[in-house]
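Here is the structure we will look at, set down as structure tokens.
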């Protein structure tokens, strides 16, 4: 058993988990609930084991680094962070419909990592700039934030779907979604959580850049886009805290913010050039 | 006049302006990620055409994050932060330090969370019981007896958490201050130092303006090592020495990427290297133990008369386009028998036998180390701002100012006391609802309060 196999199984398990949660929502198959949670928890554990094994393999290969250093590894960690964040959410809100709007992100992230021919999956040695403990702190803080934003955007989509047809009869598909007030509350809390981690991610990145290059901020595209994302969420939180925005507007902003996250994470690496090219495919 | 002043103040204190500046900063920042920054003017003419390039130069687009208009936006953002804070902080401060025992009983009746009880007994005794119940739930109460004979108890948690959001605002200003200190009093520069050489001058990044260090930095030695694949660099390592007034202050300190050397506020970062056309050679006569070092150019015959030896590097094999030598071909003669001609690895040694003697021949390519040199006295201010921001965000998001009051009034007509328990939270109402419910539960189950 090697880490690639474990992570391959993880992909399938997240796919199953996402399908189950969607089935619970679409077919109102509440009986599947516990099964879905168990599958998700197992998928998460396999994901964890996969990351741990890959870490160990890198030591066996004489390279020895935390598996958080390229696009493939970051996607695997992204899925991991989404899964644990979602499990926490399910535990807190005791609602499995949320899974139909969260776990597909974990599944997509793993599927993209596993299936895209663009990313090398082999464990490659780490160039000198990446040999730093700040790597671990930076990647973990960023991706915990990204995971929260992914879930927030899922909740935003859920809100917009539910809000589109408010006059659905009781017992209908949309009636099974949580109340708008509850979704709004989840979106808000998730955004707040993500914002704190994104801030920490930007700061750890700046400290690392300073220890490697002597400049904590150089306006390279990755840094700038992380700041743009930060501005978008900062504006969202201000609109809510001080102008009382809520509902549809915040739901849309949660989706917009996540698009900015995706561009920061993915778009910058493949569409723009800059210092931060480690996450690239090659 | 007063009115205009007031309007200007309102404008700068408004959240609308905050939203505007955040979104305009976000939008304009995109420009610099799409249009490559800090390239020479010809680049923009070629890529975008004469007219567009001219417009770019006019608006400072090639260096937009330092342009007058982008700095103005940051300034607008800062003024907004400052004015908004000055505008709101006094009221918030009042909330933090206010004496809540002065709260008007009328307002207590309208608190978002409240519960009423009735009990027999006099107000003083009931106040004592209520104080005990509050303490049991972690609420340390202060009390006051009103002139009317009623009494009021008050307790609060984390009043200062209301200041969290202002800590975040302040942190942004602290970070800006750190950045300004760095740009006024610091510099970013670079220098290439060949092995064995020293310099007391570095060159400013971008302008190449010479900057005297006030001391000398010497590169004793540089090494690059590769992973087993032969092409991925594993480590760049320079040994640097610092000399000042003829004295060696720091002797051969190793620096690698992510582990720089700091002296007198100037930091030297390992950033690049350049292979040079030459080799460091050490020859040892194994029998006599005579040993000599040379730094020799490529393709030239070198004589060492004391050792009776002529030698040279006559060919080399590069590892990469940069010109890193992987192997070198050596010509060596001590005048006895045929000269030795052999290939050897860079950074290795080779034993040479002639009819009369044996030699150890060590060779490594000469490198120049590329250092980034930075002086930034503002960096700790920036870090302090970052720490303040994280703490402030945590406080602003997750801690709330929670207050509870217990108001006890004697109702003579019914021969009992009315007890009003009420509370409010600055945020996170749902969590407070639970905390308040637990308190009310305690009051409900207290036997002495159930006798009315």
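Chains as they are written, first to last, in our numbering: chain G, 8 to 289; chain A, 32 to 483. Quick reminder that beta carbons are idealized off the backbone N, C-alpha and C, glycines included.
DSSP, read as helix, strand or coil, puts residue 38 (chain A) in helix.
Taking residue 232 (chain A) as reference, the option from A:402, A:80 and A:44 with the minimal CA-CA separation is A:402. Nearest in C-alpha terms to residue 276 (chain G), of all of G:258, G:120 and G:228, is G:228. The continuous beta strand (DSSP E) containing residue 144 (chain A) extends over residues 144–150. Residues of chain G with a Cβ closer than 8 Å to the Cβ of residue 125 (chain A) do not exist, since the nearest Cβ in that chain sits about 19 Å away. Chain-order list of chain G residues neighbouring residue 154 (chain A): empty, with the shortest C-beta distance near 40 Å, by a criterion of under 9 Å. With the criterion set as a beta carbon lying under 7 Å from some beta carbon of chain A, the members of the stretch 235–252 of chain G are 235, 238, 239, 241, 242, 245, 246, 249 and 250, in sequence order.
Taken atom to atom, the span from the alpha-carbon of residue 470 (chain A) to that of residue 164 (chain A) is near 8 Å. About 6 Å separates the CB atoms of residue 173 (chain A) and residue 132 (chain A); that is less than 8 Å, so the two are in contact. The C-beta distance from residue 62 (chain A) to residue 95 (chain A) rounds to 6 Å, short enough to fall under 8 Å. Classified as exposed, residue 45 (chain G) has fewer than 16 neighbouring CB atoms from the shown chains inside 10 Å of its CB. Distance from the CA atom of residue 270 (chain G) to the CA atom of residue 19 (chain G), rounded to whole angstroms, is 26 Å.
Proximity to residue 67 (chain G) across G:256, G:209, G:184 and G:9 peaks at G:9, based on C-alpha coordinates. Only 134, 135, 136, 138 and 139 from the stretch 133–146 of chain G bring a Cβ to less than 7 Å from some Cβ of chain A.
With fewer than 16 neighbouring CB atoms inside 10 Å of its own CB, residue 171 (chain A) falls in the exposed class. The Cβ-Cβ distance between residue 258 (chain G) and residue 163 (chain G) falls below 8 Å.
Within the stretch 157–210 of chain G, no run of alpha helix (DSSP H) reaches 4 residues while sitting entirely inside it. Flagged as an interface residue toward chain A: residue 199 (chain G), by a C-beta distance shorter than 8 Å. For the pair residue 195 (chain A) and residue 430 (chain A), the CB atoms are nearer than the 8 Å cut-off. Taken atom to atom, the span from the alpha-carbon of residue 389 (chain A) to that of residue 348 (chain A) is near 26 Å. Annotation: the stretch 129–215 of chain A contains the following complete segments of the beta strand (DSSP E) (minimum length 3 residues), in chain order: 144–150, 173–176 and 182–188.
Per DSSP, residue 353 (chain A) is not a residue of any alpha helix (DSSP H), being assigned neither H nor E.
Residues of chain G with a Cβ closer than 8 Å to the Cβ of residue 425 (chain A) are, in chain order, 203.
About 6 Å separates the CB atoms of residue 226 (chain A) and residue 252 (chain A); that is less than 8 Å, so the two are in contact. In the DSSP assignment, residue 276 (chain G) falls within the unbroken alpha helix (DSSP H) covering 275–278. Residue 272 (chain A) is bridged by DSSP to A:249. Across the structure, residue 142 (chain A) and residue 244 (chain G) are spaced so that their CA atoms are roughly 26 Å apart. Excluding its 5 nearest sequence neighbours in each direction, residue 210 (chain A) has C-beta neighbours in its own chain below 8 Å: 409 and 413, listed in chain order. In the DSSP assignment, residue 388 (chain A) falls outside any beta strand (DSSP E), carrying neither H nor E. For residue 235 (chain G), the three-state secondary structure derived from DSSP is helix. For the beta strand (DSSP E) assignment, the uninterrupted runs of no fewer than 3 residues enclosed by the stretch 416–444 of chain A are, from N- to C-terminal side, 433–442. Rounded to whole angstroms, the gap between the alpha carbons of residue 116 (chain A) and residue 51 (chain A) is 17 Å.
A distance of 8 Å or more separates the beta carbons of residue 286 (chain A) and residue 266 (chain A). Take residue 44 (chain A), set aside five residues on each side of it, and the residues of its chain with a beta-carbon closer than 6 Å to its own are 114, 115 and 118, in chain order.
In the three-state reduction of the DSSP assignment, residue 409 (chain A) falls in the coil class, being assigned neither a helical nor a strand state. Taking one beta carbon from each stretch, the stretch 212–225 of chain A and the stretch 374–383 of chain A have fewer than 3 pairs nearer than 8 Å; the two do not touch.
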